[in-house]
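Have a look at the structure below, then the notes.
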Amino acid sequence: MAEKWTNYKAHQRLVNPKNKLKLDVIVVGTGLAGASAAASLGEMGFNVLNFCIQDSPRRAHSIAAQGGINAAKNYQNDGDSVYRLFYDTVKGGDYRAREANVYRLAEVSNNIIDQCVAQGVPFAREYGGMLANRSFGGAQVSRTFYAKGQTGQQLLLGAYSSLSRQVEAGKVKLYTRYEMEDLVIIDGRARGIIAKNLVSGKLERFTANAVVIATGGYGNTYFLSTNAMGCNCSAAMACYRKGAYFANPSYVQIHPTCIPVHGDNQSKLTLMSESLRNDGRIWVPKKLEDAKKLQAGEIQGPDIPEEDRDYYLERRYPAFGNLVPRDVASRAAKERCDKGYGVNNTGLAVFLDFSESINRLGYDEIMQRYGNLFDMYEEITDVNPGKLAKEINGVKYYNPMMIFPAIHYTMGGIWVDYELMTTIPGLFAIGECNFSDHGANRLGASALMQGLADGYFVLPYTIQNYLADQAVWPRLSTDLPEFEAAEKAVDAEIDRLMNIQGKRSVDSIHKELGHIMWEHVGMGRTKEGLEEGLRLMKDLRKEFETNLYVPGTKEGLNTELDKAIHLRDFITMGELVAYDALHREESCGGHFREEHQTEEGEAKRNDADFFYVGCWEYQGSDEKAPELIKEPLEYEAIKVQTRNYKN
Ligand SMILES: Cc1cc2nc3c(=O)[nH]c(=O)nc-3n(C[C@H](O)[C@H](O)[C@H](O)COP(=O)(O)OP(=O)(O)OC[C@H]3O[C@@H](n4cnc5c(N)ncnc54)[C@H](O)[C@@H]3O)c2cc1C
C-alpha cells in the first residue's frame, strides 16, 4: 500500500502541454480545496473557471479555521512518521475510512507544509527559527503546524496568492458571487454547470471538459453550527440528484469545545479551537450539590477547589487525557451533563480551565499561544478566561471557559474513488464536500490537510488520467438541449419557490429543521428517535412546500431566495443523514446509536455487518427514500480493533 500512490503517478495517463491549452475545467469553490486546485490546474496549463458565492475567494469558510494543520514532519523527534499519521487517522476515524486514501494523505502531508512555507504562510516558529508544533486530539505526538489561532486564514491567503497569480496570467477566470445551481450531464459525463449570478439574479451556462466540486460540508443542516452562515450543501445535492452517490451522510462531527447555546434567537455557534486542549483542562464538579449551586448562579467555577473537580477525560482516558478525539470528548461531556454535573444556568456546559497551565507557564506564555482565542471568548461571553478569580489554599484559580459540543464538520459527502472522481464520469469532488479520508470521525487539524492535499497534490495528477483523451473533442456549445433543459428546470424551480407566498420565513423553518436534527439525529441516536425525526422532516418538507414566504423578486440580489434554495436542500440532506443513521445498526465515531454501546458507554462497532462505506443513490424524487449501495472496506496494513484511548 505504501507504494500505491507512487505507482499510480508512474503509470497514469498524462496530458501534453499543447492539449492542456484546449481543456477547460470548472472548479466550484475557492476554499482551501477549491483555491489550491484551481491555482494548481492553472499553473499546469489548463483553462480554469473558478466559482464562489462570496465577493472574494478569501471569504470562503476555510478562513475560519483556527487551530492548525497536521503533517508527519517529525520536527519534534517524538516518534512521528507517515505511517503513524496514517494509523492515527484510520484509528481516529473508527476504522471506517479507506486505507489507501488515508495513506496517500499522510504521505503528501509534508509537501503541503513545504508548499505553504514557500508561499509565505507565517507558521509559528520556535525561538531558533524551526517551525513550531502543537498537539491535537487522537495523537500522542506534536504534529500540528499553526499560525496563532488563524491557520485557515493564513493558508487561504497563501492559496489565494497562487490563485491570483493564475488569474493575472489568464489561466483562471474567477466568477465571484456566482452560485452553482445544477450540473449539466451530456452523454453520461459532467460537461458543465448552470450558475446564478447572485447580483443580477440571472442564470448562466458554463461548459467544460470536467467539473470539480469543492463546496464544503453540510453542517448547517443542523441550523446551529460552527460553520459560516453561507455554508450550504446545494451544489452537492445537485450532483446527488444527477446521480452522484452520497457516502456516509450520518458521519457528522460534533466538536466538544464550542461556546454553549445561549438562547433561541441565536443563529450561529462559535468554536473554541481544539488547540486549547493542549493546555486547558476540562472538568465538572465532583459533587452534584456544587453543580446545582453553579447552575443556580450561587457559586462560580473558581470557587470550587482542586480536590472537588472531576477532570473526567483525564480520569477516563489516562493515556490521551484531554486530547482524546472529538467524538469521545463530546460524548463524555454529554454523559456528565446528562447525569446532572453540567455547569452554566442550563446545566449544558463543562469547564475548560487554564489555571494549572497559567500557574505553570505564566500568563504571557499562554497569551502568546492562545491570545486571540481568549479575546474572542471574552468578546462573546464578557468573561475574561485569563483573569485571576480566586486563591484557595495558595493555589491561584483563573476564570474558566464554558464549553459544550456543537455541530462542526461533516465526514460524509459525495462518494469518490481513489482518483477523487464521483460516480459521474468527469465530476470530481475534493475537500470537505467529498466523503473524505476521515472515516466516522475526523481528527483535529486534518481537514485543512485533506483539502490542500486534494487540491495541490492529488487532483492535479488524477484529473489528467481522465482528461487525457478529452482534448480531441471540440468545446461544447452551451446551446445544446442538455444546457437548455437544465437552465429551464432551475428557473422553474425558482418560480415555484417564489410563488409559494406562504407565511413562514426561511429561517423559521430552518430553525425547526435544526431542532429536529439535534434532538433526533444528533449526538445520541436511537431507532425510535430517527424514525420520529424522519417523520417530522417529511411534515416539515410539506410546510416548506406550502407555507414558505420569500420576499422580493427573482431578479436582482435576493438573499432570502438563495437561502430558500439552500433550505430545500438541507431538508433532503437531513433526511439522508437520518436514513443512513437508521440503517447503520452500530456505533462508530461521530455516529452513536444508543442501542449499541459498551457497559462503559463507549461506541460499539459491528464490523461483521457494517464494515463498508454506505453510499446512497437518488431515486428520482426528494420524497422517495434513497437506495443503499455498499462499498466493502478492505484493510491490509492495519489490524482492525476496538479503539482504545485509555492505555
Ligand atoms: C470554526 C472552524 C474552525 C476550524 N478549524 C480547523 C482547523 O484548525 N484545522 C482543520 O484542519 N480544520 C478546521 N476546520 C475545518 C475546515 O475549516 C474545513 O473543513 C475546510 O476549511 C473546508 O474547506 P473546503 O475548501 O472543502 O470548503 P470551504 O472552505 O467551505 O469552501 C467552500 C467554497 O465553495 C463555495 N461554494 C459553496 N457552494 C457553492 C455553490 N453552490 N456555487 C458556487 N460556490 C459555492 C464557497 O463560496 C466557498 O468558496 C474548522 C472548521 C470550522 C467551522
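The sequence shown begins at 40 in our numbering and counts up one residue at a time.
All C-beta atoms, glycine included, are put in the ideal place defined by N, C-alpha and C.
All values reported here derive from a predicted model rather than from experimental measurement.
query, result
"Residues of its chain near G227, where Cβ-Cβ distance is below 7 angstroms and the 5 sequence neighbours each way are ignored", "P464"
"Exposed unless 16 or more other CB atoms sit within 10 angstroms - verdict on N55", "exposed"
"8 angstroms Cβ cutoff met for L391 and G176", "no"
"Proximal residues to C297 (C-beta, below 8 angstroms), its chain only, five neighbours per side dropped", "T265, L308, T309, L310, M311, I442, F443, P444, A445 and H447"
"Same chain, Cβ closer than 8 angstroms to Q93, neighbours up to 5 away in sequence not counted", "T69, A99, T215, R216 and G269"
"Check: F413 C-beta below 7 angstroms from any heavy atom of ligand 1", "no"
"Chain-order list of residues whose beta-carbon lies under 6 angstroms from that of I431 (same chain, five-residue window excluded)", "P344"
"Ordered list of alpha helix (DSSP H) runs contained in the region 462 to 529, each at least 4 residues", "486 to 491 and 498 to 506"
"Same chain, Cβ closer than 6 angstroms to N271, five either side skipped, listed in chain order", "H605"
"One or two residues paired with Q636 in a DSSP bridge", "A642"
"Local conformation of G653 per DSSP, three classes", "strand"
"Per DSSP, cross-strand counterpart(s) of G231", "V223 and T246"
"contact_flag[the region 173 to 192, the region 202 to 221] where n(CB pairs < 8 angstroms) is 3 or more", "no"
"Nearest candidate by alpha-carbon position, reference L60, set R173, H549 and A507", "A507"
"Paired residues, beta bridge with W322 - DSSP", "F390"
"Nearest-angstrom beta carbon gap, S148 and M488 [assumed within contact, 8 angstroms]", "5 angstroms"
"Outcome for H559 when other beta-carbon atoms lying within 10 angstroms are tallied against a minimum of 16", "buried"
"Assigned exposure category for R316 - 16 Cβ within 10 Å defines buried", "buried"
"Same chain, Cβ closer than 8 angstroms to N686, neighbours up to 5 away in sequence not counted", "P357 and A358"
"Chain-order list of residues whose beta-carbon lies under 6 angstroms from that of V141 (same chain, five-residue window excluded)", "F125, T128, V129 and D476"
"Where Y588 falls: helix, strand or coil (DSSP)", "coil"
"Range covered by the beta strand (DSSP E) that runs through T33", "Residue 33 falls outside the range modelled here, since the chain spans only 40 to 686, and no answer is possible."
"Three-state class that DSSP yields for T215 in the structure shown", "strand"
"Buried versus exposed call for S306 [16 or more other C-beta atoms within 10 Å across all chains shown]", "exposed"
"Pairwise C-alpha distance: I293 and Q192", "22 angstroms"
"Length of the line joining the Cα atoms of L569 and G629", "15 angstroms"
"Between the CA atoms of A163 and Y409 - distance to the nearest angstrom", "12 angstroms"
"Three CB pairs or more closer than 8 angstroms across the region 590 to 605 and the region 533 to 540", "yes"
"Contact test: A208 Cβ vs ligand 1 heavy atom, cutoff 7 angstroms", "no"
"Ligand 1 heavy atom lying under 7 angstroms from the CB of Y745", "There is no way to answer for residue 745, as the model of the chain reaches only from 40 to 686."
"Bridge partner(s) assigned by DSSP for M460", "F467"
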